[in-house]
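> Numbering (the working numbering), first residue to last: 336 to 620. All residues carry an ideal CB built from backbone N, CA and C; glycine is no exception. It should be emphasised that the depicted structure is a prediction, and the values quoted were computed from it without experimental measurement. The structure follows.
Here it is as C-alpha cells:
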C-alpha cells in the first residue's frame, strides 16, 4: 500500500463501485437540530463514545468522556487521552490505512492530482435506540457502495496484518469485536478488511457482513454482542439516573480497570453544547 502500488489499483475494485464520503462537518449540533425538534431523546453523542462503552464489557482500554445534562438530555462529549509519540512502524501503519482507503474507493484522485484528504470527514446523523434510551448519534463514515438498482449503503474500511495461526485468536477477540461494535451501532452492513504484510503490501481483501461477525465468534465464546449491548444499557441507565441537570461530569475507565468512575468536571460545558442547547430552546419556543 505504498505509493508505488497505485498503478495496480484496479486489483482492488473488490466491492464494485465505492464512493469516498467527503464532507466537512463544522458543527454536529446544527445537523442534529431538526432531529431533536421532531424526536424526543435522552442522549446525544458521537459514536466514538458508545464504541468505548460497549467495548468495556470485554476490553481494558483506558478512556474518558464528558457528560453534561441539559433540559433532560444527556450529552456525551469526546475527550482524547494524551498520546505518546508514534514510532516509525506506527506511522507506517497509519499511512497504510489511509492508502487502503485511497485504493479502495472510486474517484480517489481529484482533477488537480491530489488524493483523498484523510483530515476531512463525512458525518452521518443517526436516530437509534438502545434499550429504553433514544439516541441521536453522529458517526464518521468511510465510504458507500451501491446496489445494482442504485441504492447506496455505508461500508467500513479496515486494515490488518495478514493472519497467521498464532494471531487469529487475538484478531477475533479484539479486532472483530471493535469492527462489529462500530458498524452495528451505525447500521453499517459491511466491513471490508484489507490484509497486508509487514512491508505494507496488500495481500488480500475480505468483505464481512456485520451481522455475520457475531456468528463467526459465537462457537468460540470469545464475546457476545448481546452482552455489550446489555452492559451499555446498564451504564446509560446509571448515568441518566445519577447526573444532575445543568451539571458537568467526566466518565472514565482507568487502571486498574475495576470500575467506571463518574467525577465532577473541572472545566465548564463545551461552548458547542451550550450554543446547541440555546438554539434548540429557541427553535422549540
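Mind checking whether residue 384 and residue 520 have CB atoms under 8 Å apart?
Contact flag unset, no.
> Identify the residues that DSSP records as bridge partners of residue 529: which are they?
494, 540, per the DSSP bridge assignment.
> How would you label residue 556, buried or exposed, when you count the other beta carbons within 10 angstroms and need 16 or more for buried?
It counts as exposed.
> Just list the residues that DSSP pairs residue 585 with in beta bridges.
DSSP output for residue 585 lists 401, 598 as bridge partner(s).
> Going straight from the alpha carbon of residue 358 to that of residue 436, what length do you get?
Since pLDDT at residue 358 reaches only 40, below the 50 mark, its modelled position is unreliable, and the value read off the structure follows with that caveat. Answer to the nearest angstrom: the Cα atoms are 15 Å apart.
> Along the beta strand (DSSP E) that carries residue 479, what are the first and last residues, could you check?
Run containing residue 479: 478 to 481, per the beta strand (DSSP E) assignment.
> In this structure, how does DSSP classify residue 374 when only helix, strand and coil are distinguished?
With a pLDDT of only 47 at residue 374, under 50, the local geometry of the prediction cannot be trusted, and no value is derived from it.
> Answer yes or no: do residue 401 and residue 600 have a C-beta to C-beta separation smaller than 8 Å?
Yes.
> Going by DSSP, what residue range makes up the alpha helix (DSSP H) through residue 438?
Looking at the DSSP string, the run of the alpha helix (DSSP H) that includes residue 438 is 423 to 439.
> Measuring straight from C-alpha to C-alpha, what distance separates residue 429 and residue 417?
If you take the alpha carbons of residue 429 and residue 417, they lie about 18 Å apart.
> Just the Cα atoms here: how many angstroms apart are residue 426 and residue 535?
Spanning the two alpha carbons is a distance of roughly 12 Å.
> Can residue 475 and residue 457 be called in contact, C-beta distance under 8 Å?
Yes, these two residues count as a Cβ contact at 8 Å.
> Can you say whether residue 517 is buried or exposed, counting buried as having 16 or more other CB atoms within 10 angstroms of its CB?
Answer is buried; the Cβ neighbour count reaches 16.
> DSSP three-state call for residue 518: helix, strand or coil?
In this structure, residue 518 counts as helix in the three-state DSSP scheme.
> Where does residue 575 fall in DSSP's three states?
Reduced to three states, the DSSP call for residue 575 is helix.
> Specify whether the stretch 541 to 551 and the stretch 397 to 415 touch according to this definition: at least 3 beta carbon pairs, one from each stretch, less than 8 Å apart.
With a cut-off of 8 Å, the stretch 397 to 415 and the stretch 541 to 551 do not count as touching, because too few Cβ pairs lie within range.
> For residue 458, write down the residues that DSSP places opposite it in a beta bridge.
According to DSSP, which records beta bridges pairwise, residue 458 is partnered with 475.
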